[in-house]
Amino acid sequence: MTSQVSRTAEQADGAVVGEQRKPAGTKDVRKLDRVIIRFAGDSGDGMQLTGDRFTSETASFGNDLSTLPNFPAEIRAPAGTLPGVSSFQLHFADHDILTPGDAPNVLVAMNPAALKANVGDLPRGAEIIVNTDEFTRRAMQKVGYAASPLEDGSLDGYSVHPVPLTTLTVEALKEFDLSRKEAERSKNMFALGLLSWMYHRPTEGTERFLRSKFARKPQIAAANIAAFRAGWNFGETTEDFAVSYEVAPAAKAFPVGTYRNISGNLALAYGLITASQQADLPLFLGSYPITPASDILHELSRHKNFGVRTFQAEDEIAGIGAALGAAFGGSLAVTTTSGPGVALKSETIGLAVSLELPLLVVDIQRGGPSTGLPTKTEQADLLQAMYGRNGEAPVAVIAPRTPADCFDTALEAARIALTYRTPVVLLSDGYLANGSEPWRIPELEELPDLRVQFARSANHTLDDGTEVFWPYKRDPQTLARPWAIPGTPGLEHRIGGIEKQDGTGNISYDPANHDFMVHTRQAKIDGIQVPDLEVDDPHQAHTLVLGWGSTYGPITAAVRRLRRAGESIAQAHLRHLNPFPPNLGPVLERYDKVVIPEMNLGQLATLIRAKYLVDARSYNQVNGMPFKAEQLATALKEAIDG
239 MTSQVSRTAE QADGAVVGEQ RKPAGTKDVR KLDRVIIRFA GDSGDGMQLT GDRFTSETAS
299 FGNDLSTLPN FPAEIRAPAG TLPGVSSFQL HFADHDILTP GDAPNVLVAM NPAALKANVG
359 DLPRGAEIIV NTDEFTRRAM QKVGYAASPL EDGSLDGYSV HPVPLTTLTV EALKEFDLSR
419 KEAERSKNMF ALGLLSWMYH RPTEGTERFL RSKFARKPQI AAANIAAFRA GWNFGETTED
479 FAVSYEVAPA AKAFPVGTYR NISGNLALAY GLITASQQAD LPLFLGSYPI TPASDILHEL
539 SRHKNFGVRT FQAEDEIAGI GAALGAAFGG SLAVTTTSGP GVALKSETIG LAVSLELPLL
599 VVDIQRGGPS TGLPTKTEQA DLLQAMYGRN GEAPVAVIAP RTPADCFDTA LEAARIALTY
659 RTPVVLLSDG YLANGSEPWR IPELEELPDL RVQFARSANH TLDDGTEVFW PYKRDPQTLA
719 RPWAIPGTPG LEHRIGGIEK QDGTGNISYD PANHDFMVHT RQAKIDGIQV PDLEVDDPHQ
779 AHTLVLGWGS TYGPITAAVR RLRRAGESIA QAHLRHLNPF PPNLGPVLER YDKVVIPEMN
839 LGQLATLIRA KYLVDARSYN QVNGMPFKAE QLATALKEAI DG
């Protein structure tokens, strides 16, 4: 039954939907509905840049797309080795897609290590473009090839295109005053030109990009453009590539609007800036660089014109300490990090809980524990976000589902923090942070109003009639305390980590008061207004697959495959993880089986079992890579039948 699901899915998702031949004397053009391409090479071969440029042109052409950058943890891994392989996978289509794809249709391998590290992911019949110049005896021995895979028959099941990319690039650039080593660096642009010809990608944007990137080195810019054009011309003239491919724009996949390609970290940065504008508050980021969160710091530092202030601290503790100080001073305060940094920030997050100030803690999760897998993705910080502090220190927790959704999730996190005066942990991950997809730029009238009212005057009358300011006198609806800007006359008040007396904010060691304050802080989080959970269940299924965060794409793709195969399954995806949506309990009760796929060992499943007493089944993966749709479809089919 599993194979039947896979075949049905492949037929429905299949690449070739028609064929159109040009007049005699020109090359054939075949129409496809989708393609998955993976560029792979040494970390110094420019595979991320190559993939990013192909993605940008694909986005401008109007295809739906999803990407998966994958690179070594080392800044400069040993050249030609398997640990040093860097890759970039792009899935683009003429229809709505959700994942970077399970298996590439095309692999561009710049050296033997790239081929060996990736060939196992290819389906039979896939195309492999190989840079033959790098297949020297020494390079092949370095990765364990006893004989050349280009000659020993091991690649007979694939369509192999041997191309001397390095030699052709050097030849194309001989008119430039460049050393051979300098000329060889442009071989990634030659490969990009060849793939751009194969898939009819626009070229003007890449040439503009190269002129801009190397504006101070016009000769380098000209050489890269020449290599790019040479790759295009090679595809047009060589007999080895007899067919090129067209993937039409995804005209029906998107609502009307203005779109751009965006990564998760960039969307998060834009969301934070937008939140500060909608709140009419200055944005302050206190951060320490850490993979994969550093891009948010880099991006926000470019936007001082929007009142953004960025502080690159000496360590994680200083970064969040500065952010909390900025929150006290009336800013929309943010700190960005990954799992190891959250551990270091835990005491100050607890202080923010005690002070009851708005603070956004952005955790771009990665593989752990400790330093773990800095460039690989994981979802294993959920329990840390929920409970990783001393004492009863509840915070709101929220997670985006796609790269573009990071924008909306940043706005929602800011709404919660500002409305309820609480820290909010935003759990993205490396897959979302570095991946990209089309994003519809919202209209201004679609954005929420996040403006807040600061305390301006006394808010309490004593028994003797004296009007005073009580810093812990609460809004009866939200339980939020007033936000008083330091220096406001008459609103002087004490802050600190020692327990406060309800209302007055004075230091209190009274047991009854501490019990009351603990329950009140918990009630404030429990009372956060979040939307009901939406359930996609067109066939009244008995099995529900429940996800959170970046598993949305693979889960949704798997559900689509199963439904096309005639299976009945329901799907729901959580954005709000603390508090849970108010209807989550009734939703779970409607289903005989609940399956929760996670890139951890079952952290959400643990929470669901504990809170709702539901026998939720975990399906887990912690290999540093996102789920594959076919893999999930198989697991969910077994759950349905089990």
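First residue of the sequence shown? That's 239 in the numbering used here, and the numbers climb one at a time after it.
All C-beta atoms, glycine included, are put in the ideal place defined by N, C-alpha and C.
Please read all numbers here as calculations on a predicted model, not as lab measurements.
Check: Do T407 and E295 have their C-beta atoms within less than 8 Å of each other?
Finding: The residue you call residue 407 lines up with position 169 of the sequence shown. The residue you call residue 295 lines up with position 57 of the sequence shown. No, Cβ-Cβ distance for T407 and E295 is not below 8 Å.
Using the C-alpha atoms, what's the distance from V398 back to D879?
Mapped onto the sequence shown, residue 879 falls at position 641. Mapped onto the sequence shown, residue 398 falls at position 160. About 41 Å.
Note to self: So, under 8 Å CB-CB, F522 and V572 are touching, yes? Tell me the CB distance rounded to an integer number of Å.
What the structure shows: In the sequence shown, the residue the question calls residue 522 occupies position 284. In the sequence shown, the residue the question calls residue 572 occupies position 334. Going by Cβ atoms, the distance from F522 to V572 rounds to 7 Å, so yes, they are a contact pair.
**Message:** Assuming R498 and P520 are in contact, meaning their beta carbons sit under 8 Å apart, how far apart are those beta carbons, in whole angstroms?
**Reply:** Against the sequence shown, residue 498 aligns to sequence position 260. Against the sequence shown, residue 520 aligns to sequence position 282. With a Cβ gap of about 26 Å, R498 and P520 do not count as contacting.
Original post:
What do you get for Q379, buried or exposed, if any count of 16 or more other CB atoms within 10 angstroms of its CB means buried?
Top reply: Indexing the sequence shown from 1 puts residue 379 at position 141. Result: exposed.
> Looking at C-alpha atoms only, which residue of L782, L388, A581 is the closest neighbour of T370?
Replying inline: The sequence position of residue 370 within the sequence shown is 132, counting from 1. Closest by alpha carbon: L388.
TODO: Pick out whichever of T613, S417, V662 has its Cα sitting closest to the Cα of G588.
DONE: The residue labelled residue 588 in the question sits at position 350 within the sequence shown. The shortest C-alpha separation from G588 is found at V662.
### Message
Once DSSP output is grouped into helix, strand and coil, what is the label at T305?
### Response
Your numbering for residue 305 matches position 67 in the sequence shown. Three-state result, T305: strand.
So what does DSSP say about T548, is it helix, strand or coil?
-> Here residue 548 is taken as the residue at index 310 of the sequence shown, counted from 1. Three-state DSSP puts T548 in a strand.
Pick helix, strand or coil for Y497, following the three-state DSSP scheme.
Start at 1 with the first residue of the sequence shown, and residue 497 comes out as number 259. In the structure shown, Y497 sits in a strand (DSSP, three-state: E or B).
Q | Inter-residue spacing [alpha-carbon to alpha-carbon] between E580 and A468 | A | Indexing the sequence shown from 1 puts residue 580 at position 342. Indexing the sequence shown from 1 puts residue 468 at position 230. According to the sequence as given, residue 580 is Val; it is not Glu. Taking the straight line joining both Cα atoms gives about 48 Å.
(message) For the structure I just gave you, are there three or more beta carbon pairs, one from the stretch 458 to 465 and one from the stretch 498 to 509, closer than 8 Å?
(response) no
* Asked: What three-state label does DSSP hand H757 in the structure shown?
  -> Start at 1 with the first residue of the sequence shown, and residue 757 comes out as number 519. Helix at H757.
| query | Distance, Cα to Cα, I745 vs P727? | reply | If you number the sequence shown from 1, residue 745 lands on position 507. If you number the sequence shown from 1, residue 727 lands on position 489. Using only the alpha carbons, I get a separation of about 22 Å.
(Q) Is the separation between the beta-carbon of I793 and that of L870 shorter than 8 Å? (A) The residue you call residue 793 lines up with position 555 of the sequence shown. The residue you call residue 870 lines up with position 632 of the sequence shown. A contact, by the Cβ cut-off of 8 Å.
Taking all protein chains shown into account, do 16 or more other C-beta atoms lie within 10 angstroms of the C-beta of V494, making it buried, or fewer, making it exposed? Residue numbering aside, residue 494 sits at position 256 when the sequence shown is read from its first letter. When all chains shown are included, V494 counts as exposed.
- Query: Which ranges does the beta strand (DSSP E) cover as unbroken runs of at least 3 residues, wholly within the stretch 466 to 551, from first to last along the chain?
  - Reply: 481 to 485, 497 to 501, 521 to 525, 546 to 550
Residues bridged to H698 by DSSP? Residue mapping note: residue 698 aligns to position 460 of the sequence shown, counting from 1. DSSP lists V706 as partners of H698.
Residues near A311 in its chain [Cβ-Cβ closer than 7 Å; skip 5 each side]:
Mapped onto the sequence shown, residue 311 falls at position 73. Within the same chain, A311 has close Cβ partners L611, P612, T613.
Margin query: Quick check on L621: buried or exposed, where buried means 16 or more other Cβ atoms within 10 Å of its Cβ?
Written below: Within the sequence shown, residue 621 is the residue found at index 383, counting from 1. Classification of L621: exposed, given that the 10 Å Cβ count is below 16.
How big is the Cα-Cα spacing for L839 and W708? As a first step, residue 839 must be located in the sequence shown, where it is residue number 601. As a first step, residue 708 must be located in the sequence shown, where it is residue number 470. For L839 and W708, the distance between alpha carbons rounds to 45 Å.
### Query
Alpha carbon to alpha carbon, what distance is there between G284 and K875?
For the purposes of this step, residue 875 is taken as residue 637 along the sequence shown, with counting starting at 1. For the purposes of this step, residue 284 is taken as residue 46 along the sequence shown, with counting starting at 1. C-alpha separation (whole angstroms): 40 Å.
Within the stretch 578 to 645, ranges of the beta strand (DSSP E) (whole runs, at least 3 residues): 597 to 603, 634 to 636
Proximity of I500 and H541 at Cβ, strictly below 8 Å:
Translated into the one-based positions of the sequence shown, residue 500 becomes position 262. Translated into the one-based positions of the sequence shown, residue 541 becomes position 303. In this structure, H541 does not lie closer than 8 Å to I500 by Cβ.
Taking the alpha-carbon positions, what's the P350 to A565 distance? Counted from its first residue, the sequence shown places residue 350 at position 112. Counted from its first residue, the sequence shown places residue 565 at position 327. Looking at the two C-alpha atoms, the distance is approximately 52 Å.
- Where A571 sits in the DSSP three-state scheme: One-based indexing of the sequence shown puts residue 571 at position 333. Reduced to three states, the DSSP call for A571 is strand.
Problem - Stretch-stretch touch, CB-based, cutoff 8 Å, three pairs: the stretch 663 to 672 with the stretch 785 to 792 - result: yes
Exposed or buried, which one is G256 when buried takes at least 16 other CB atoms within 10 Å? The residue labelled residue 256 in the question sits at position 18 within the sequence shown. Caution is warranted here: a pLDDT of 40 is assigned to G256, below 50, making its placement in the model unreliable, and the coordinate value is therefore given only provisionally. G256 comes out exposed.
Quiz item: If you compare alpha carbons, which of N821, L729, A873, S569 is closest to L800?
Solution: Within the sequence shown, the letter at position 562 stands for residue 800. Out of N821, L729, A873, S569, A873 has the C-alpha closest to the C-alpha of L800.
*Does the separation of the CB atoms of N308 and F330 fall below 8 Å?*
Against the sequence shown, residue 308 aligns to sequence position 70. Against the sequence shown, residue 330 aligns to sequence position 92. Result no, Cβ atoms of N308 and F330 do not sit closer than 8 Å.
Do the stretch 316 to 330 and the stretch 267 to 284 make contact, defined as three or more Cβ pairs closer than 8 Å? yes
*Classify Q778 as buried or exposed, calling it buried when 16 or more other Cβ atoms lie within 10 Å of its own Cβ.*
Here residue 778 refers to the residue found at position 540 of the sequence shown. Under this definition Q778 is an exposed residue.
T674 versus G279, T293, V267, L270, residue with shortest Cα-Cα distance: Against the sequence shown, residue 674 aligns to sequence position 436. In the sequence under discussion, the amino acid at residue 674 is Ser, which differs from the Thr named in the question. Among G279, T293, V267, L270, the Cα nearest to that of S674 belongs to T293.
>> So for W677, helix, strand or coil by DSSP?
In response: Position 439 of the sequence shown, counting from 1, holds the residue named residue 677. Of the three classes helix, strand and coil, the one that applies to W677 here is strand, per DSSP.
Helix, strand or coil for F299 per DSSP?
-> Position 61 of the sequence shown, counted from the start, is the residue given in the question as residue 299. In this structure, F299 counts as helix in the three-state DSSP scheme.
Problem - Top-ranked residue by Cα proximity to A810, from G804, L771, S569 - result: Counted from its first residue, the sequence shown places residue 810 at position 572. A810 has its Cα closest to that of L771, out of G804, L771, S569.
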